[in-house]
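Take the sequence shown: its letters are residues 129 to 589, numbered as in our numbering.
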Amino acid sequence: MRVPVALTIAGSDSGGGAGIQADLKTFAALGVHGASAITSITAQNTREVRAIHDLPPEMVVAQIEAVADDLGVDAAKTGMLSNAGIIRAVAGAVEKYGFPLVVDPVMIAKSGARLLREDAVEALVRDLIPHATVVTPNKPEAEAITGIKIRSLGEAREAARIIVEDHGAEAAVVKGGHMTGEYSIDILYYKGRYYEYKAERINTNTTHGTGCSFSAAITAMLARGESIPRAVEVAKEFITTAIRYGLRVGGGHGPVNPAAWTIIPAEKYRVLENLRRAIKILEENGRIVNRLVPEVFINIGMALPAPYARTIDDVAAVPGRIGRYRDSIIVKAEPEFGVSSHVARAILAAMKYDPSVRAAANIAYTREVEEAAKKLGLVESSFDRREEPPEVKAVEGKTTEWGISTAVERAGGRVPDIIYDYGEHGKEPLALVFGKTAVEVAEKIIRIGKVIEANSPWLRR
Ligand SMILES: Nc1ncnc2c1ncn2[C@@H]1O[C@H](COP(=O)(O)OP(=O)(O)OP(=O)(O)O)[C@@H](O)[C@H]1O
Ligand SMILES: [Mg+2]
Numbered sequence: 129m130r131v132p133v134a135l136t137i138a139g140s141d142s143g144g145g146a147g148i149q150a151d152l153k154t155f156a157a158l159g160v161h162g163a164s165a166i167t168s169i170t171a172q173n174t175r176e177v178r179a180i181h182d183l184p185p186e187m188v189v190a191q192i193e194a195v196a197d198d199l200g201v202d203a204a205k206t207g208m209l210s211n212a213g214i215i216r217a218v219a220g221a222v223e224k225y226g227f228p229l230v231v232d233p234v235m236i237a238k239s240g241a242r243l244l245r246e247d248a249v250e251a252l253v254r255d256l257i258p259h260a261t262v263v264t265p266n267k268p269e270a271e272a273i274t275g276i277k278i279r280s281l282g283e284a285r286e287a288a289r290i291i292v293e294d295h296g297a298e299a300a301v302v303k304g305g306h307m308t309g310e311y312s313i314d315i316l317y318y319k320g321r322y323y324e325y326k327a328e329r330i331n332t333n334t335t336h337g338t339g340c341s342f343s344a345a346i347t348a349m350l351a352r353g354e355s356i357p358r359a360v361e362v363a364k365e366f367i368t369t370a371i372r373y374g375l376r377v378g379g380g381h382g383p384v385n386p387a388a389w390t391i392i393p394a395e396k397y398r399v400l401e402n403l404r405r406a407i408k409i410l411e412e413n414g415r416i417v418n419r420l421v422p423e424v425f426i427n428i429g430m431a432l433p434a435p436y437a438r439t440i441d442d443v444a445a446v447p448g449r450i451g452r453y454r455d456s457i458i459v460k461a462e463p464e465f466g467v468s469s470h471v472a473r474a475i476l477a478a479m480k481y482d483p484s485v486r487a488a489a490n491i492a493y494t495r496e497v498e499e500a501a502k503k504l505g506l507v508e509s510s511f512d513r514r515e516e517p518p519e520v521k522a523v524e525g526k527t528t529e530w531g532i533s534t535a536v537e538r539a540g541g542r543v544p545d546i547i548y549d550y551g552e553h554g555k556e557p558l559a560l561v562f563g564k565t566a567v568e569v570a571e572k573i574i575r576i577g578k579v580i581e582a583n584s585p586w587l588r589r
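Here it is in C-alpha cells:
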C-alpha cells in the first residue's frame with residue numbers, strides 16, 4: 129500500500145507554530161506523508177514576524193515539480209504565498225499536475241504582520257482560486273476576496289457562495305475564528321449546499337497556526353480520498369483538539385498542538401495498560417489488600433501526562449471500585465477514563481505541585497497503616513476536614529482539592545507518598561497513596577500491607 133502524499137506550498141515559520149512546520153506536523157498526525165515547497169522564509173516567533181525573505185518563483189516551482197515528478201501528490205495546499213510572482217508560478221504548476229488543491233488565502237499573521245502584499249490579492253483571486261478544490265478564508269480574508277462585510281453567519285454563507293459561484297473554487301469554508309460568540313462556527317459551501325461545523329470557542333492564546341493546521345488537515349483528508357464535507361468535519365475536530373491542548377511556549381500566541389490528535393489516544397492506551405498491571409498486582413496480593421479496603425472501597429487512578437490532564441475525564445480509574453470478597457478482593461470492572469471523582473481530583477490536585485505524580489489510590493486509614501508507612505520511611509502528610517474553610521466547604525467537590533493542597537503545602541510543597549484524610553462525622557478516614565504510575569502505587573500498597581501483616585502474627589495463616 130502506497131502512503132498518501134500531501135504537499136504544502138507555504139512559508140517557513142522559525143517559531144514552529146504556523147506555516148510549513150504546522151502543516152508537516154498535521155500531515156504526520158493524520159497519517160499522510162508530508163512534502164513541502166517553501167515560498168518564503170520568515171524570522172518569526174510567537175510574538176512577531178521580524179523578517180521575511182521570499183524565494184524566487186522558479187525555486188518554488190522547482191520544489192513542487194521535484195515532489196510531484198517522483199512521490200506524486202494526492203492533495204496539496206497553499207499557505208503564505210507572499211507576492212504575485214509566486215502566486216502566478218504556483219498557479220501554473222498546479223494547472224500542470226491537476227492535484228486537488230486547498231487554498232488558505234493567508235494575508236495577515238496572527239501578530240498583525242502582512243504575509244501577502246496588497247497588490248497580490250487580485251492575483252490570488254484571479255489566478256489561483258479558480259484552481260482551488262477548497263478555499264479557507266478567515267473573516268477578514270473572506271471580506272477582502274468578496275468585498276462584503278461579514279457580521280453574521282448569513283453574511284459568512286453569502287461570502288462562501290460568492291467564492292464558489294463568482295470566483296470559481298469548487299468549495300469554500302469561511303472560518304469563524306475571528307467572529308464572536310460561544311461557538312466558533314465554520315461555513316462550507318459546496319455543490320449548492322451549506323454545511324455548518326460548530327465547536328465551542330476556546331478561551332486561550334495558543335492559537336498560532338490555527339488556520340494553517342486546519343487547511344493542512346483538510347488537505348490530508350483529501351489526500352486520503354475523503355469527500356470535501358467529511359474532510360472539513362475531521363479538520364474541525366482536529367483543530368479544536370490542537371487549540372485546546374495548545375503549547376505553552378513563548379510570550380505571545382503559543383502554537384497549536386497538532387500532535388495532540390495522536391498523543392492523547394496513545395497516552396490513554398498507556399495509562400489503561402499501566403492500570404491493568406496495577407490491578408493485577410493488587411489481585412495477586414488480594415489477601416493482603418483485603419484488610420486495607422475501606423467502607424467506600426478502594427479506587428486506583430492514573431492521569432494522562434500533565435499537558436493533557438485537565439479534568440476528571442482525563443483520569444482513568446476502576447468503575448465500581450475494588451471491594452472485599454471473602455479473604456481477597458474483587459475488581460468490579462475494567463479501568464476507564466472519567467469514572468472517578470475522588471481519586472481523580474486528588475491526582476489532579478497533586479499534579480499541580482508535581483506533574484510527574486500521576487497516580488493515586490485510596491485505602492482505609494488505620495493506626496497500623498500509619499505505623500507501616502513510618503517503618504517503610506514513606507513521606508507522609510495529612511489534612512483535617514475540620515480545618516476546611518467554610519467557603520471551600522460550600523462548593524461541592526472542592527474538599528479533596530483543598531485537602532491535598534493543604535497536605536502538600538504541609539510537606540513543604542513536595543507530594544508525599546501517603547496523605548491521611550482523618551475524616552469527620554459521616555466521613556470515614558482514608559489514606560491516599562501517591563506515585564508516578566498506578567503500578568508504583570500498587571507496589572506501595574502491597575509493601576504497607578506486608579509490614580502490617582509482619583507486625584501482626586495473628587493475621588498470618
Ligand atoms: N478560540 C477558538 N476556539 C475554537 N475554535 C477556534 C478558535 N479560534 C479559531 N478556531 C477555529 O480554528 C480554525 C481556524 O480559524 P481561524 O479563523 O482562526 O483561522 P485563521 O485566522 O486563518 O488562523 P491563523 O491566524 O492561524 O491563520 C477554524 O475552524 C476556527 O473555527
Ligand atoms: Mg490564516
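Built from N, CA and C at the ideal position, the CB exists for glycine as well.
> What's the gap between the Cα of Arg-589 and the Cα of Lys-578?
Replying inline: Working through the sequence shown from its first residue, we reach residue 589 at position 461. Working through the sequence shown from its first residue, we reach residue 578 at position 450. Low confidence applies to Arg-589: its pLDDT is 49, below 50, so where it sits in the model is not reliable, and the reading given next is rough at best. Going from the Cα of Arg-589 to the Cα of Lys-578 covers about 13 Å.
> Within this structure, are the beta carbons of Tyr-322 and Ala-299 separated by less than 8 Å?
Replying inline: Counted from its first residue, the sequence shown places residue 322 at position 194. Counted from its first residue, the sequence shown places residue 299 at position 171. No.
>> Strictly by DSSP, which residues pair up with Ile-426?
In response: The count along the sequence shown starts at 1 and reaches residue 426 at position 298. DSSP lists Ile-450 as partners of Ile-426.
>> Going residue by residue through the stretch 200–236, where are the continuous alpha helix (DSSP H) segments of at least 4 residues, counting only ones entirely within it?
In response: Taken in chain order, the unbroken stretches of alpha helix (DSSP H) that lie wholly in the stretch 200–236 and span 4 residues or more are 212–225.
> Which residue's Cα is closest to the Cα of Ala-592: Ser-312, Pro-233, Thr-494 and Ala-522?
Replying inline: The chain is shown only over 129 to 589; residue 592 falls outside these bounds and no answer can be derived.
> Alpha carbon to alpha carbon, what distance is there between Ser-140 and Pro-185?
Replying inline: What you label residue 185 is simply residue 57 of the sequence shown in a count that begins at 1. What you label residue 140 is simply residue 12 of the sequence shown in a count that begins at 1. Distance from the CA of Pro-185 to the CA of Ser-140, rounded to the nearest whole angstrom, comes to 15 Å.
> Does the Cβ of Asp-591 lie closer than 7 Å to at least one heavy atom of ligand 2?
Replying inline: Here the chain comprises residues numbered 129 to 589, so residue 591 is not present and cannot be evaluated.
>> Shorter than 7 Å, the distance from the beta carbon of Gly-304 to the closest heavy atom of ligand 1, or not?
In response: Walking along the sequence shown from the start, residue 304 turns up at place 176. Yes.
> Gly-275: which of Pro-258, Val-160, Thr-527 and His-295 sits nearest, CA to CA?
Replying inline: For the purposes of this step, residue 275 is taken as the residue at position 147 of the sequence shown. Nearest of Pro-258, Val-160, Thr-527 and His-295 to Gly-275, Cα basis: His-295.
>> Contact criterion: CB-CB distance below 8 Å. Does Lys-326 meet it with respect to chain D?
In response: This model lacks chain D altogether, as it is built from one protein chain only.
> Which stretch, first to last residue, makes up the alpha helix (DSSP H) that contains Asn-490?
Replying inline: Numbered from 1 along the sequence shown, position 362 holds the residue referred to as residue 490. Asn-490: not part of any alpha helix (DSSP H); member of the beta strand (DSSP E) spanning 487–492, first to last residue.
> Would you call the CB atoms of Val-201 and Ile-137 closer than 8 Å?
Replying inline: The count along the sequence shown starts at 1 and reaches residue 201 at position 73. The count along the sequence shown starts at 1 and reaches residue 137 at position 9. Result no, Cβ atoms of Val-201 and Ile-137 do not sit closer than 8 Å.
> Less than 8 Å separating the beta-carbons of Ala-445 and Val-471?
Replying inline: By 1-based counting over the sequence shown, the position of residue 445 is 317. By 1-based counting over the sequence shown, the position of residue 471 is 343. Going by C-beta atoms, Ala-445 is nearer than 8 Å to Val-471.
> Roughly how many whole angstroms lie between the Cα atoms of Asp-549 and Arg-514?
Replying inline: Stepping through the sequence shown from its first residue, residue 549 is reached at position 421. Stepping through the sequence shown from its first residue, residue 514 is reached at position 386. Cα to Cα, the separation comes out at about 11 Å.
> In terms of residue numbering, what span does the beta strand (DSSP E) encompassing Asp-549 cover?
Replying inline: Stepping through the sequence shown from its first residue, residue 549 is reached at position 421. Going by DSSP, Asp-549 is part of the beta strand (DSSP E) stretching over 546–549.
> What are the boundary residues of the alpha helix (DSSP H) that Leu-476 is part of?
Replying inline: Counted from its first residue, the sequence shown places residue 476 at position 348. Leu-476 -> alpha helix (DSSP H) spans 470–479.
>> Can you tell me whether His-181 is helix, strand or coil according to DSSP?
In response: Working through the sequence shown from its first residue, we reach residue 181 at position 53. DSSP places His-181 in the strand class (E or B) of the three-state scheme.
>> Tell me whether the stretch 408–421 and the stretch 365–381 touch, counting them as touching only if at least three CB pairs, one residue from each stretch, are closer than 8 Å.
In response: The stretch 408–421, when compared against the stretch 365–381, does not touch it at the 8 Å Cβ threshold.
>> With a threshold of 8 Å, are at least 3 pairs of Cβ atoms found where one atom belongs to the stretch 208–223 and the other to the stretch 360–374?
In response: By the Cβ criterion, the stretch 208–223 is not in contact with the stretch 360–374, since fewer than three pairs of Cβ atoms, one from each stretch, lie closer than 8 Å.
> Leaving out the 5 sequence neighbours to the left and right, which residues in its chain are closer than 8 Å to Lys-267 when beta-carbon positions are compared?
Replying inline: Walking along the sequence shown from the start, residue 267 turns up at place 139. Ile-278, Ala-284, Val-302, Lys-303, Gly-304, Gly-305, His-306 and Met-307.
> Could you give the C-beta distance for Leu-558 and Tyr-493, rounded to a whole number, given that I count them as a contact under 8 Å?
Replying inline: Counting from one through the sequence shown, the residue named residue 558 turns up at place 430. Counting from one through the sequence shown, the residue named residue 493 turns up at place 365. Indeed, because the Cβ distance is near 5 Å, the residues count as touching under 8 Å.
> Can you check whether the CB of Ile-580 is closer than 8 Å to the CB of Glu-496?
Replying inline: Numbered from 1 along the sequence shown, position 368 holds the residue referred to as residue 496. Numbered from 1 along the sequence shown, position 452 holds the residue referred to as residue 580. Yes, the pair counts as a contact, with Cβ atoms nearer than the cut-off.
>> My output table needs one value for Leu-158: the three-state DSSP class, helix, strand or coil.
In response: Stepping through the sequence shown from its first residue, residue 158 is reached at position 30. Note: Leu-158 maps to coil in three-state DSSP.
>> Does the contact criterion of 3 or more C-beta pairs under 8 Å hold for the stretch 325–334 versus the stretch 345–356?
In response: Taking a contact to require three or more Cβ pairs closer than 8 Å, the stretch 325–334 and the stretch 345–356 do not qualify as touching.
>> Let me check one thing: in DSSP terms, what residues is Asp-141 bridge-paired to?
In response: By one-based count along the sequence shown, residue 141 stands at place 13. Partner residues in the beta bridge of Asp-141, as assigned by DSSP, are Thr-170.
> DSSP three-state call for Arg-589: helix, strand or coil?
Replying inline: Mapped onto the sequence shown, residue 589 falls at position 461. Any answer about Arg-589 is weak, because its pLDDT of 49 lies below 50 and its placement is not dependable; what the coordinates show is given next. Coil.
> Buried or exposed: which applies to Val-131, given that a residue is buried once 16 or more other Cβ atoms fall within 10 Å of its Cβ?
Replying inline: Taking the sequence shown and counting its residues from 1, one reaches residue 131 at position 3. Around the beta-carbon of Val-131, fewer than 16 other beta-carbon atoms lie within 10 Å, marking it exposed.
> Among Ala-388, Leu-420 and Ala-461, which has the Cα closest to the Cα of Leu-158?
Replying inline: Taking the sequence shown and counting its residues from 1, the one referred to as residue 158 is at position 30. Minimum Cα-Cα distance from Leu-158 among the listed residues Ala-388, Leu-420 and Ala-461 corresponds to Ala-388.
>> Buried or exposed for Tyr-453, going by 16 or more other Cβ atoms inside 10 Å?
In response: Mapped onto the sequence shown, residue 453 falls at position 325. Taking all protein chains in view, the Cβ of Tyr-453 is surrounded by fewer than 16 other Cβ atoms within 10 Å, so the residue is classified as exposed.
>> What does the alpha-carbon distance come out to for the pair Leu-281 and Met-208?
In response: The residue labelled residue 281 in the question sits at position 153 within the sequence shown. The residue labelled residue 208 in the question sits at position 80 within the sequence shown. Counting only the Cα atoms, Met-208 lies some 26 Å from Leu-281.
> Does the beta carbon of Arg-329 fall short of 7 Å from some heavy atom of ligand 1?
Replying inline: If you number the sequence shown from 1, residue 329 lands on position 201. It does: the Cβ of Arg-329 is within 7 Å (strictly closer) of some heavy atom of ligand 1.
> Which residue spans inside the stretch 384–424 form an unbroken alpha helix (DSSP H) run of at least 4?
Replying inline: Runs of the alpha helix (DSSP H) inside the stretch 384–424: 388–412 and 414–418.
>> Does Arg-329 come out as helix, strand or coil in the three-state DSSP assignment?
In response: As a working mapping, residue 329 is identified with position 201 in the sequence shown. Looking at Arg-329 - three-state DSSP - the assignment turns out to be coil, as it is neither helix nor strand.
> Taking the beta strand (DSSP E) that Leu-560 falls in, what are its first and last residues?
Replying inline: Taking the first residue of the sequence shown as position 1, residue 560 is located at position 432. That run of the beta strand (DSSP E) goes 558–563.
> Among residues of its own chain, excluding the 5 on either side of Gly-541, which ones have a beta-carbon nearer than 7 Å to its beta-carbon?
Replying inline: Here the question's residue 541 lines up with position 413 in the sequence shown. Hits under 7 Å: Tyr-481.
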